[in-house]
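To start, the structure under review is shown below, and the notes come after it.
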Amino acid sequence: MRVRLNNVSKNFDGTMVVKNLNLNIEDGEFMALLGPSGCGKTTTLLMIAGIYRPSEGTIEFDGRIVNRVPAKDRHLGMVFQSYALYPHMTVYENLAFPLTIQRKPKTEIRREVIQMAEMLGLTEVLDRKPGMLSGGQQQRVALGRALIKKPRLLLFDEPLSNLDARLRVTMRAEIKRLQKELSITTIYVTHDQTEALTMADRIAVMRDGALEAVGPAEMLYERPPTLFTAEFIGHPPMNLLDVALEERGEEVYARLGALLLKIPRSRTPRRFASRVKMGIRPQHVTLARQGGYPAKVYLIEPQGNQDVIICDIEGAHVSLVAAPHHNLTMGDMVNIAFHMENAHFYESDSGRSLL
Ligand SMILES: Nc1ncnc2c1ncn2[C@@H]1O[C@H](COP(=O)(O)OP(=O)(O)OP(=O)(O)O)[C@@H](O)[C@H]1O
Ligand SMILES: [Mg+2]
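Numbering-wise (this note's numbering), the sequence shown opens with residue 2 and increments by one.
Structural data, given as structure tokens:
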């Protein structure tokens, strides 16, 4: 099913919490809504679900405006952060519940529940109540209960945030595989960039109720169109440094304090702005054996497979990623190199990319 949001806004007591949202979700697509707490993700999802009605704008399913269609008639499957399983019912009864409401014949229900349990690896626990299940099993029951109705649209709101880190990784993969297998259009709300990056076909980045950027993960990571997107996507976060752009003959430089960093042609800003931020990912700053610029180690954060080294340079903090066993400690002097072919430039005031 195709989902389309046309100029959708939501007002709560005079406060606009969702502002003029325009978004197209293709049939079978997995779209993540990503943004910080309070940016309007849940509100948007609940409007798509038919639980809230938009204050302005229209929502279309396959070209048909559904603003006035009640939630129960929208053919949705929903999975929320609190799975809200029925505690007094067994797993079997929880899975069967949506079909019981539809008054399907008992034998048909039985067949579908068993099939769903098999697909989700719940066959062994069908007779247990939710209280006797692990978090991951409960999560799969919630997923099964959403899927068993054969929804045309799946809506997720932070479904994995109650799980431990390892289980999250497993469930991430399972949901993605299942979504691709069944190819049900999916909208997945999260504030966790890793979830969005790993699972979604495209990501809609939201900020203060408005759409900030939308695109596939690689696009948002490699060419973040705005400063906010650059800051929000990527780990460790991109370094964002106040620089001045200077033209010297044919060449363009970024001035960072006393340093002049040459900008390669492929990264030369299209226009100059009075206040500019240079973005460069910690993966694109390295410890230099020769050349580079002197910096002082401010902090080292070991991460197992790599260390994040934060350096003081020209009054700024710059993070870089290094292989472990570098024998550095806080306060050491190092030389660092900026790989300027990976630099980004933004107008500080508007947050727009200058590339
Ligand atoms: N029913 C409501 N009445 C009034 N204000 C609301 C209501 N629901 C949400 N809000 C406000 O709207 C804004 C967006 O809330 P929303 O729940 O959509 O954010 P979110 O992006 O899902 O955040 P989180 O990541 O914390 O879940 C918040 O400022 C919130 O306080
Ligand atoms: Mg929310």
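All C-beta atoms, glycine included, are put in the ideal place defined by N, C-alpha and C. Keep in mind it's a predicted model, so treat the numbers as computed, not measured.
- Item | Helix, strand or coil at G137 according to DSSP, with G and I counted as helix | The residue you call residue 137 lines up with position 136 of the sequence shown. For G137, the secondary structure class from DSSP, reduced to helix, strand or coil, is helix.
- Message: Can you look up R203 in the DSSP assignment and give me helix, strand or coil?
- Response: Locating residue 203 in the sequence shown gives position 202, counting from the first residue. Of the three classes helix, strand and coil, the one that applies to R203 here is strand, per DSSP.
- Cα separation between D28 and G78? In the sequence shown, residue 28 corresponds to position 27, counting from 1. In the sequence shown, residue 78 corresponds to position 77, counting from 1. Straight-line Cα distance between these residues: approximately 15 Å.
- Item | Proximity test, V190 beta-carbon vs ligand 2 heavy atom, cut-off 8 Å | Against the sequence shown, residue 190 aligns to sequence position 189. Answer for V190: yes, Cβ within range of ligand 2.
- Query: In or out: A324 buried (at least 16 other Cβ within 10 Å) or exposed?
  - Reply: The sequence position of residue 324 within the sequence shown is 323, counting from 1. Label assigned to A324: exposed.
- Query: Counting by C-beta, which residues lie closer than 5 Å to a heavy atom of ligand 1, in chain order?
  - Reply: F13, V18, S38, G39, C40, G41, K42, T43, T44, H192
- Message: On a Cα-Cα basis, can you pick out the residue from N7, L179, A85 that is closest to G122?
- Response: Translated into the one-based positions of the sequence shown, residue 122 becomes position 121. Nearest of N7, L179, A85 to G122, Cα basis: L179.
- Query: So K181 is in the alpha helix (DSSP H); what residue range does that whole segment cover?
  - Reply: Here the question's residue 181 lines up with position 180 in the sequence shown. 166-183 is the extent of the alpha helix (DSSP H) around K181.
- Thinking P225 and H345 are a contact (beta carbons under 8 Å), I'd like their distance in whole angstroms, please. As a working note, residue 225 is residue 224 in the sequence shown. As a working note, residue 345 is residue 344 in the sequence shown. With a Cβ gap of about 7 Å, P225 and H345 count as contacting.
- Message: Which of the three DSSP states is assigned to S267 in this structure?
- Response: Here the question's residue 267 lines up with position 266 in the sequence shown. Residue state, collapsed to three classes: helix.
- Those runs of the beta strand (DSSP E) which lie wholly inside the stretch 65-133 and span at least 3 residues: Complete beta strand (DSSP E) runs here, min 3: 77-81.
- Item | Contact belief for Y93 with V114 at Cβ below 8 Å, rounded distance in angstroms | As a position in the sequence shown, residue 93 is number 92, starting the count at 1. As a position in the sequence shown, residue 114 is number 113, starting the count at 1. With a contact defined as Cβ atoms closer than 8 Å, Y93 and V114 qualify at about 6 Å.
- Message: Just to confirm my understanding: we take P217, look at its own chain, exclude 5 residues before and 5 after, and list those with CB closer than 6 Å. What are they?
- Response: Start at 1 with the first residue of the sequence shown, and residue 217 comes out as number 216. Correct list, in chain order: R203.
- Task: Give the secondary structure of E30 by DSSP, where H, G and I count as helix, E and B as strand, and everything else as coil.
- Result: Walking along the sequence shown from the start, residue 30 turns up at place 29. Coil.
- Task: Pull up the distance between the alpha-carbon of N25 and that of H192, whole angstroms please.
- Result: Indexing the sequence shown from 1 puts residue 25 at position 24. Indexing the sequence shown from 1 puts residue 192 at position 191. C-alpha separation (whole angstroms): 20 Å.
- Query: Since P99 contacts K150 with CB under 8 Å, what's their CB separation in whole angstroms?
  - Reply: By one-based count along the sequence shown, residue 99 stands at place 98. By one-based count along the sequence shown, residue 150 stands at place 149. Between P99 and K150 the beta-carbon gap is near 5 Å, inside 8 Å, which marks them as a contact.
- What separation, rounded to the nearest whole angstrom, lies between the Cα atoms of I314 and E302? Locating residue 314 in the sequence shown gives position 313, where the first residue counts as 1. Locating residue 302 in the sequence shown gives position 301, where the first residue counts as 1. Cα to Cα, the separation comes out at about 18 Å.
- Message: Quick check on DSSP: helix, strand or coil for I281?
- Response: In the sequence shown, counting from the first residue as 1, residue 281 sits at position 280. Strand, per DSSP.
- K73: which of Y84, D63, G132, G51 sits nearest, CA to CA? Reading the sequence shown from its first residue, position 72 is the one you call residue 73. Distances from the CA of K73 to each of Y84, D63, G132, G51 were compared; the closest alpha carbon is that of G51.
- Task: Just the C-alpha distance for Q138 and S184, rounded to the nearest angstrom, thanks.
- Result: Counting from one through the sequence shown, the residue named residue 138 turns up at place 137. Counting from one through the sequence shown, the residue named residue 184 turns up at place 183. Taking the straight line from one Cα to the other gives about 23 Å.
- If we call anything under 9 Å between Cβ atoms a contact, is R146 one with M172? Taking the sequence shown and counting its residues from 1, the one referred to as residue 146 is at position 145. Taking the sequence shown and counting its residues from 1, the one referred to as residue 172 is at position 171. Not a contact, by the Cβ cut-off of 9 Å.
- Query: Touching or not, the stretch 263-281 and the stretch 228-244, by the rule of three or more beta carbon pairs under 8 Å?
  - Reply: yes
- Query: What are the start and end residues of each continuous beta strand (DSSP E) run of 3 or more residues lying completely inside the stretch 323-355, in chain order?
  - Reply: 334-339, 345-348
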